[in-house]
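These notes are about the structure you will find just below.
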Amino acid sequence: MKNPFEVSTPEGISAEDVHELFVDVFTDFYQVPKFGHTFLNGPRGSGKSMMFRFMMPDCQKIKNKCKLSDLDYFSLYAPIKLTELNNHEIGALNTNSAVFINEHLLTNFITIKCFKSLQEFESEIDQYFDLFNEFYKSIFLWYIDISGFDISQYNTNFKNSKDCLNCIIRILEKIYRDCLIYCKRSLFVDISYYGPLFSYLDFLYPILLELKKLPFLPQNKPLFILIDDAGYLNEMQTQILNTWVSYRTSHEVSLKISTQLDYKSFKTTTNKTIDSPHDYSQVNIATIYTTSQNNYYKRINDIVKKRLKTYLKKEIDPFAFFPNDEKQLNEINEIKNKLRVENYSASKKYAAGDAARRYASSEYMKILKSKRSGSTLSYAGFDNLVDISSGIIRHFLEPASIMFSEVIARYSVLDIEFIPDSIQDDVIQNYSRKFLEDEFAKIHELHGKKSGGEVLSKADKLYNLITSLGEIFHKIFISNKAERVVFSVALNDSPDIELKEILDLAEHYGYIHKSTIGNKNGTGRVRLYILSRTLAPYFKLDPTGFKGYQFMNSSVLKLSLTNPKKFIKEITQDISGDRDIIQLNFFENEN
Amino acid sequence: MKVNNINNYVGEVDLFIFSSGFERRSTKLGESLNDLQLKQSYVFHLDETYKISYENIIIVKKNIPKTEIVVYPKNNPLETFSIYNGIISKFIENNFKNDKLKVVIDITTFTREVMLILIKVLSNKSVSRKLNVLLVYTPAKSYSESKESLWLTKGVRDIRSVVGYSGLHSPSKKLLLIVLTGFEEERTERIIESFEPFKLILGKPSQKHSINSELNIISNQKFDLIKDKFKRILLEEFEFSCQNIGNTKDIISQIHNKYRNEYNIVISPLNNKVSTIAVGIAGLENQDIQICYASANQYNIDTPHEACNYFLCFNLSRLL
Numbered sequence: 000m001k002n003p004f005e006v007s008t009p010e011g012i013s014a015e016d017v018h019e020l021f022v023d024v025f026t027d028f029y030q031v032p033k034f035g036h037t038f039l040n041g042p043r044g045s046g047k048s049m050m051f052r053f054m055m056p057d058c059q060k061i062k063n064k065c066k067l068s069d070l071d072y073f074s075l076y077a078p079i080k081l082t083e084l085n086n087h088e089i090g091a092l093n094t095n096s097a098v099f100i101n102e103h104l105l106t107n108f109i110t111i112k113c114f115k116s117l118q119e120f121e122s123e124i125d126q127y128f129d130l131f132n133e134f135y136k137s138i139f140l141w142y143i144d145i146s147g148f149d150i151s152q153y154n155t156n157f158k159n160s161k162d163c164l165n166c167i168i169r170i171l172e173k174i175y176r177d178c179l180i181y182c183k184r185s186l187f188v189d190i191s192y193y194g195p196l197f198s199y200l201d202f203l204y205p206i207l208l209e210l211k212k213l214p215f216l217p218q219n220k221p222l223f224i225l226i227d228d229a230g231y232l233n234e235m236q237t238q239i240l241n242t243w244v245s246y247r248t249s250h251e252v253s254l255k256i257s258t259q260l261d262y263k264s265f266k267t268t269t270n271k272t273i274d275s276p277h278d279y280s281q282v283n284i285a286t287i288y289t290t291s292q293n294n295y296y297k298r299i300n301d302i303v304k305k306r307l308k309t310y311l312k313k314e315i316d317p318f319a320f321f322p323n324d325e326k327q328l329n330e331i332n333e334i335k336n337k338l339r340v341e342n343y344s345a346s347k348k349y350a351a352g353d354a355a356r357r358y359a360s361s362e363y364m365k366i367l368k369s370k371r372s373g374s375t376l377s378y379a380g381f382d383n384l385v386d387i388s389s390g391i392i393r394h395f396l397e398p399a400s401i402m403f404s405e406v407i408a409r410y411s412v413l414d415i416e417f418i419p420d421s422i423q424d425d426v427i428q429n430y431s432r433k434f435l436e437d438e439f440a441k442i443h444e445l446h447g448k449k450s451g452g453e454v455l456s457k458a459d460k461l462y463n464l465i466t467s468l469g470e471i472f473h474k475i476f477i478s479n480k481a482e483r484v485v486f487s488v489a490l491n492d493s494p495d496i497e498l499k500e501i502l503d504l505a506e507h508y509g510y511i512h513k514s515t516i517g518n519k520n521g522t523g524r525v526r527l528y529i530l531s532r533t534l535a536p537y538f539k540l541d542p543t544g545f546k547g548y549q550f551m552n553s554s555v556l557k558l559s560l561t562n563p564k565k566f567i568k569e570i571t572q573d574i575s576g577d578r579d580i581i582q583l584n585f586f587e588n589e590n
Numbered sequence: 000m001k002v003n004n005i006n007n008y009v010g011e012v013d014l015f016i017f018s019s020g021f022e023r024r025s026t027k028l029g030e031s032l033n034d035l036q037l038k039q040s041y042v043f044h045l046d047e048t049y050k051i052s053y054e055n056i057i058i059v060k061k062n063i064p065k066t067e068i069v070v071y072p073k074n075n076p077l078e079t080f081s082i083y084n085g086i087i088s089k090f091i092e093n094n095f096k097n098d099k100l101k102v103v104i105d106i107t108t109f110t111r112e113v114m115l116i117l118i119k120v121l122s123n124k125s126v127s128r129k130l131n132v133l134l135v136y137t138p139a140k141s142y143s144e145s146k147e148s149l150w151l152t153k154g155v156r157d158i159r160s161v162v163g164y165s166g167l168h169s170p171s172k173k174l175l176l177i178v179l180t181g182f183e184e185e186r187t188e189r190i191i192e193s194f195e196p197f198k199l200i201l202g203k204p205s206q207k208h209s210i211n212s213e214l215n216i217i218s219n220q221k222f223d224l225i226k227d228k229f230k231r232i233l234l235e236e237f238e239f240s241c242q243n244i245g246n247t248k249d250i251i252s253q254i255h256n257k258y259r260n261e262y263n264i265v266i267s268p269l270n271n272k273v274s275t276i277a278v279g280i281a282g283l284e285n286q287d288i289q290i291c292y293a294s295a296n297q298y299n300i301d302t303p304h305e306a307c308n309y310f311l312c313f314n315l316s317r318l319l
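Going down the list, the protein sequences come from chains A and B. Letter 207 of the first sequence, counting from 1, is numbered 206 in numbering that gives the first Met the number 0, and no numbers are missing. Letter 197 of the second sequence, counting from 1, is numbered 196 in numbering that gives the first Met the number 0, and no numbers are missing.
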């Protein structure tokens, strides 16, 4: 039986399947399919590649039920794989020619990917074969000729666009390969490069401008190059790509660049920076999906429905497929009823419902703790699982896929109607634990060194920050505070270099998401740091419901890096309500 | 070839090279060789490594006092390449006259990456025609009393192509990843997930050519876990030898020939040194193959890597 939640690389999915499975998210990320350079940032598994796959012309043709030339935009796909362009032989070039060689390789690499993308549409190109042949002879050959390649044996006539495209790719690959061989040889001896040299402005850009004019492509519409996983470029290639962004040629060719929050630099080759919004727009998936005004919940609902229908041929409500722990739900509902009665006020008609919504899970947790029977909060249930995925689609699909396999393994069933709550809970608890503990071994290796005079490494500080936040949020959850489901810290002031560095690291590893929020005076915005809800089971927090946040001064938060006990003690005193420290106990609703 | 009397087998040696390691078996060859038969000896020692590795150098130095320590940096393979290239070039410059110089290299505790870099240096024509290189490997007898909890490394720090084996890939082709699996399923998973290959081929050690049948059972269990997890992209599976370089190299070359036109091929050798050398030789013969390495966060220095009572010897010069 096909596991409906299996995570597939979008590259390997057919246009028909993408059309069946993809949930249109472009209302959330409206900048992406528009004119202009865009950086699309998000952790691994947040849906970047799927978005790019959906933007490819084969999918767009199905979606819009139209010809290639009638599309709203035309995309060329250029995925960067882990060690494809970033290898030591290229990195070893340390002469002045390194920039030229790297730009040549990057330009050629993307040009090949662009023409490779066109191969999908041979039949449509064939309808204008004479024009395409002319493009080959008068444009393509011209540009490789002036780049230094001997074209004398390539001025041939082709039977069809397939042969023509194959020839273009063959020529480009020969040039690419020759340059790689040069880089390899340079490892042992210093040698000179005599091959052709391509650059974006002198080669790829003018070729694309001419290509756009061909009638099989949409006329006067945007042309996008989708550069997927640009974090895998080396530092120099990154600077070269930034230089392309800085050219501001996006009215003709827009670069859509995805990163896993691992982009190495925003500097150009001339050491200037590219800036948003002047040079590019920026979309951070996790930030958009972790703030309250989002459609994330609906997106996941649609994804689950589509997958169950496509792979299991079933129309099942996701809530029924991922049921809650019924006993826990009933007990919480009883508490809610009790709270409604206790908080009834004739003058404040929302007070009873508000109290029930805000405090029921907290009161339930207190009861569990008082019993000391070892029973813990169950995280089963579709709504819990969506919240725990914390804006990263893969954090929903991966555990769901494990749960599905577990049901098959445990019960040997061939027809699955739902995932038992005990399996959901076991899997998601384990997933949350692994998210923190397993990842930290890696972080320790990379950031475990102490710099001169320091008592703690960056990894130690990061661990202290995350566990301190988890612990205080848990304390708040089981307190009697007015707002108990807290996942965020809003800083009254700017963090200093040390704190900012650790907060950036936390964001890079997906432990926190950044956002902004209106300050207390209503005169501007302050930084908001949201703990990933994927850690909710680990710290025994309620991932759903009302989301409060806590204002504090950066100096207080900084305390958590080096002295977590003191930090927790400070906050705990405030939670018990003995002190009125404005920066520590000011809660308001996230907006 | 299995060798019991190593001194008889190697005879007079112009240069002995070994790597410091935390495993007890890292000293076995160094302690067994007759110092009087060796003209020069280098130990390649990783900077900032476990203290026990340095202690193991001292043990070998008691037997071979002439051993010089060459320090190479952690996670800087380009500089490592440069250091090794410099050492070998200088050795040839100072010693080569007419006859090939005999070099014995104990590959037991080199990391796979560093060993492949060394083989790349030795494969350079200006070097290979002046040296006769013998690789010696001390196999592990058993790993741990608790087989279920056996681990050799934890965590993956970085995944990179090996210097000299970056492959001549074509941007128009899709990616095929070939993994020669071993005990480290976490590394295997991380590599597959990081590359996001279009297709995957998984290799497992054959029972017939396995060094130790107990290890083979563990290896098989881990193989099945990985196979199940990535069945969606699995193209085929194969068996390889952990003892016979030529055999494994031929299998790799066959797979390469079968798929080279359609795919860019990346190979990750995660089993023992013998099969890693085979992958390295296949990579040197077929320049379009890329070999990748995943550096580990943590090595299990407490696992008793007990040495077998024999050595495996391979003539690298004949393989190149």
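Yeah, the Cβ is synthetic: ideal placement off N, Cα and C, and Gly gets one too.
Between A:316, A:343, A:364, which has its C-alpha nearest residue 354 of chain A's C-alpha? For residue 354 of chain A, the closest alpha carbon among the candidates A:316, A:343, A:364 is that of A:343.
In this structure, does DSSP put residue 310 of chain B in helix, strand or coil? Of the three classes helix, strand and coil, the one that applies to residue 310 of chain B here is strand, per DSSP.
8 Å Cβ cutoff met for residue 553 of chain A and residue 468 of chain A: No.
Do you know offhand how far residue 237 of chain A's Cα is from residue 282 of chain A's? For residue 237 of chain A and residue 282 of chain A, the distance between alpha carbons rounds to 18 Å.
Report buried or exposed for residue 146 of chain B, applying the criterion of at least 16 other Cβ atoms within 10 angstroms of its Cβ. Confidence in residue 146 of chain B is poor, its pLDDT being 49 and thus under 50, which makes the residue's placement unreliable; the coordinate value appears in the next sentence. Residue 146 of chain B is classed as exposed because its beta carbon has fewer than 16 other beta carbons within 10 Å across all chains shown.
Quick one: what does DSSP say residue 292 of chain A is sitting in, helix, strand or coil? With a pLDDT of 47 at residue 292 of chain A, under the threshold of 50, the predicted position of this residue should be treated as unreliable, though the coordinate-derived value follows. Note: residue 292 of chain A maps to coil in three-state DSSP.
How about residue 86 of chain A and residue 160 of chain B: are their beta carbons less than 8 Å apart? Yes, these two residues count as a Cβ contact at 8 Å.
Label residue 243 of chain B either buried or exposed according to how many other C-beta atoms from any shown protein chain fall within 10 Å of its C-beta, with 16 as the threshold for buried. So residue 243 of chain B counts as buried.
Which residues in chain E have a C-beta closer than 8 Å to the C-beta of residue 409 of chain A? List them in chain order. In summary, chain E is missing from the structure at hand, where the protein chains are A and B.
In this structure, what does DSSP give as the bridge partners for residue 203 of chain B? Residue 203 of chain B is bridged to B:238.
Determine, using beta carbons only, whether residue 539 of chain A and residue 286 of chain A come nearer to each other than 8 Å. Residue 286 of chain A is positioned such that its CB atom lies no closer than 8 Å to that of residue 539 of chain A.
Just the chain A side, please: which residues come within less than 7 Å of residue 168 of chain B by C-beta, in chain order? Within 7 Å Cβ-Cβ: 83.
Is there a Cβ from chain B that is less than 8 Å from the Cβ of residue 112 of chain A? For residue 112 of chain A, the answer is yes, since a Cβ of chain B falls inside 8 Å of its Cβ.
Under three-state DSSP, which class holds residue 317 of chain B? It is helical.
Looking at residue 38 of chain A and residue 299 of chain A, is the spacing between their C-beta atoms short of 8 Å? Not closer than 8 Å, so no.
Using the C-alpha atoms, what's the distance from residue 283 of chain B back to residue 115 of chain A? Looking at the two C-alpha atoms, the distance is approximately 29 Å.
Alpha carbon to alpha carbon, what distance is there between residue 37 of chain B and residue 193 of chain A? Roughly 46 Å separates the two Cα atoms.
Distance cutoff 8 Å, beta carbons only. Does residue 86 of chain A sit that close to anything in chain B? True, the Cβ-Cβ gap to chain B drops below 8 Å.
So, helix, strand or coil for residue 489 of chain A, using DSSP? Judged by DSSP in its simplified three-state form, residue 489 of chain A adopts strand.
With DSSP run on the structure shown, which of helix, strand or coil describes residue 122 of chain B? Helix.
Can you pull out the residues from the region 158-178 of chain A whose beta carbon lies closer than 7 Å to at least one beta carbon of chain B? The residues in question are 168, 172, 175, 176.
8 Å is my cut-off, CB to CB: does residue 249 of chain A come that close to chain B? Residue 249 of chain A does not count as touching chain B.
Taking C-beta to C-beta, are residue 21 of chain A and residue 216 of chain A nearer than 8 Å? Not a contact, by the Cβ cut-off of 8 Å.
Could you tell me which chain A residues have their CB closer than 9 Å to the CB of residue 291 of chain B, listed as they occur along the chain? Against residue 291 of chain B, the close residues of chain A are 81, 82, in the order they occur along the chain (beta-carbon pairs closer than 9 Å).
Interface residues of chain B around residue 187 of chain A at Cβ under 7 Å? Listed along the chain, the chain B residues whose CB falls inside 7 Å of the CB of residue 187 of chain A are 123.
Any beta carbon from chain B within less than 8 Å of residue 194 of chain A's own beta carbon? Chain B, which has no Cβ nearer than 8 Å to the Cβ of residue 194 of chain A, makes this no.
Could you spell out the range, first to last residue, of the alpha helix (DSSP H) harbouring residue 556 of chain A? Here the alpha helix (DSSP H) through residue 556 of chain A covers 553-561.
Nearest residue (CA-CA) to residue 251 of chain A, options A:1, A:221, A:242, A:260: Checking every option, the nearest Cα to that of residue 251 of chain A belongs to A:221.
Name the DSSP beta bridge partners of residue 36 of chain A, please? DSSP output for residue 36 of chain A lists no bridge partner at all.
DSSP three-state assignment for residue 65 of chain A, whether helix, strand or coil: Here residue 65 of chain A sits in coil by DSSP.
Closest by CA to residue 54 of chain B, which one among B:21, B:28, B:286? Taking only the C-alpha atoms, the option nearest residue 54 of chain B is B:21.
Residues that residue 163 of chain B contacts on chain A, provided the C-beta gap is smaller than 7 Å: The answer, in chain order, is 186.
Ignore the nearest five residues each way along the sequence and tell me which others in residue 258 of chain A's own chain have a CB closer than 6 Å to its CB. Taken in chain order, the residues that qualify are 40, 229, 230.
Is it buried or exposed, residue 232 of chain A, if we count other Cβ atoms within 10 angstroms and call 16 or more buried? Result: buried.
Under a three-way DSSP split, which group does residue 589 of chain A fall into? In this predicted model, residue 589 of chain A has a pLDDT of only 36, less than 50, meaning its place in the structure is not dependable enough to derive any value.
Is residue 271 of chain B buried or exposed, if buried means 16 or more other CB atoms sit within 10 Å of its CB? With 16 or more other CB atoms across the displayed protein chains lying within 10 angstroms of its CB, residue 271 of chain B is buried.
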